[in-house]
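Participant: Everything in the sequence shown is counted per this note's numbering, starting at 94 for the first residue and increasing by one.
The structure's right below; bear with me while I get my questions together.
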Amino acid sequence: MRTPVPEVLLRSLSKSFTGTRGDRHTVLHDVGFTVADGEFAAILGPSGCGKSTTLRIVAGLDRADSGELLIGGRDVSNVPSSERGLGMVFQNYALFPHLSVAENIIFGLKVRRVGKAERNERLLEAARQLQLEPYLDRRPGQLSGGQRQRVALGRALVGGSRLILMDEPLSNLDARLRADMRTEIRELQQRLGLTVLYVTHDQVEAMTMADKVIVMREGFVDQISAPENLYALPENAHVARFIGAPP
Ligand code: ADP
Ligand code: MG
């Protein structure tokens, strides 16, 4: 069921960083887009164009200088990350090497003082969704890349968030596994009805996984459209070149 309010709304977000010589450089210029409830949106663009900064602002790990950010219709500019009701998956997975798979998955629940019985129940549910039951006692170092990826997904899902942010989650995997994981993440998203904001520099990932692609370049949004339209109707030569569409 789709709500009329977009799950995520960014309007005119701008952000600049101070360089080593005290100079300011703007890395986001008036970035705006929405992600509907249950939609898979991909931010696509070359390295350095501002994808991670945008995601970090949505996550509450960084702040915009100006603009609006609503999650579930609520202004979250002053809401801490842990209270934004979202899960995150990063490129390097950020798993704790000395903790078991189970402990890694429930780490955030422990921090939030969720009781043991409920932790266990949620752990088993996440493990079932991700086919991780046989690996719960292992350590991350004893897992394959794909299994580690699933643990990171499990940790993002176990808190019950329906909004998941992913920053280049497949970039450490080899090509074959990457293709499998694309399908797996997309199936999981559809099965659980998740809202996903996914960051990638990989055109194939964006075009095959997303309902909507947000193309970024040098800190601004170049085009927002369904993958098939992006290829057929690129808005300008930059998009066409980046997508590999005919000019
Ligand atoms: P992407 O994820 O698309 O590769 P980023 O959002 O990481 O791009 O970076 C966008 C720009 O902002 C880059 O020029 C980067 O060097 C700069 N940047 C990102 N984070 C910081 C920071 N903490 N301090 C200074 N500059 C930063
Ligand atoms: Mg990045």
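For glycine and all other residues, C-beta sits at the position ideal for the given N, C-alpha and C.
All values reported here derive from a predicted model rather than from experimental measurement.
What are the start and end residues of the alpha helix (DSSP H) that includes THR146?
Facilitator: Unbroken alpha helix (DSSP H) run through THR146: 144-152.
Participant: Compute the minimum distance between the beta carbon of VAL120 and the heavy atoms of the ligand ADP, and state whether it is under 8 Å.
Facilitator: yes
Participant: Within 10 angstroms of the Cβ of ALA220, are there 16 or more other Cβ atoms? Answer buried if so, exposed if not.
Facilitator: With 16 or more other Cβ atoms within 10 Å, it is buried.
Participant: Would you list the residues sitting across from GLU161 in a DSSP beta bridge?
Facilitator: ARG104
Participant: Would you mind sorting ASP260 into buried or exposed? The rule is 16 or more other CB atoms within 10 Å of its CB.
Facilitator: buried
Participant: Starting from VAL314, trace the beta strand (DSSP E) in both directions and tell me its first and last residue.
Facilitator: 313-318
Participant: Tell me which residues share the same chain as SER159 and place their Cβ nearer than 6 Å to its Cβ, disregarding the 5 neighbours each side in the sequence.
Facilitator: Once the five neighbours on either side are set aside, the close Cβ partners of SER159 are SER107.
Participant: Can you round the beta-carbon distance between LYS305 and GLU132 to whole angstroms, since I take them to be within the 8 Å contact cut?
Facilitator: 6 Å
Participant: How far does the beta strand (DSSP E) with PHE133 in it extend, from its first residue to its last?
Facilitator: 133-137
Participant: What separation, rounded to the nearest whole angstrom, lies between the Cα atoms of ASP155 and LYS203?
Facilitator: 24 Å
Participant: Which residue marks the beginning of the beta strand (DSSP E) containing GLY125, and which one marks its end?
Facilitator: 117-128
Participant: Going by C-alpha to C-alpha distance, which of PHE313, ASP168 and GLU196 sits closest to GLY247?
Facilitator: Taking only the C-alpha atoms, the option nearest GLY247 is GLU196.
Participant: Using the rule of at least 16 other Cβ atoms within 10 Å of the residue's Cβ for burial, across every protein chain shown, is PRO81 buried or exposed?
Facilitator: This structure does not reach residue 81, given that the chain is present from 94 up to 340, and the question cannot be answered.
Participant: Going by alpha carbons, who is nearest to THR127 out of ARG255, ASN329, ASP230 and ILE317?
Facilitator: ILE317
Participant: In this structure, how does DSSP classify TYR291 when only helix, strand and coil are distinguished?
Facilitator: strand
Participant: Distance check for SER254 and LEU270, CA to CA, integer angstroms please.
Facilitator: 26 Å
Participant: In terms of DSSP beta bridges, what is ARG310 paired with?
Facilitator: PHE313
Participant: In three-state terms, what does DSSP make of SER42?
Facilitator: Only positions 94 to 340 of the chain appear in the structure, and residue 42 is not among them; the question remains open.
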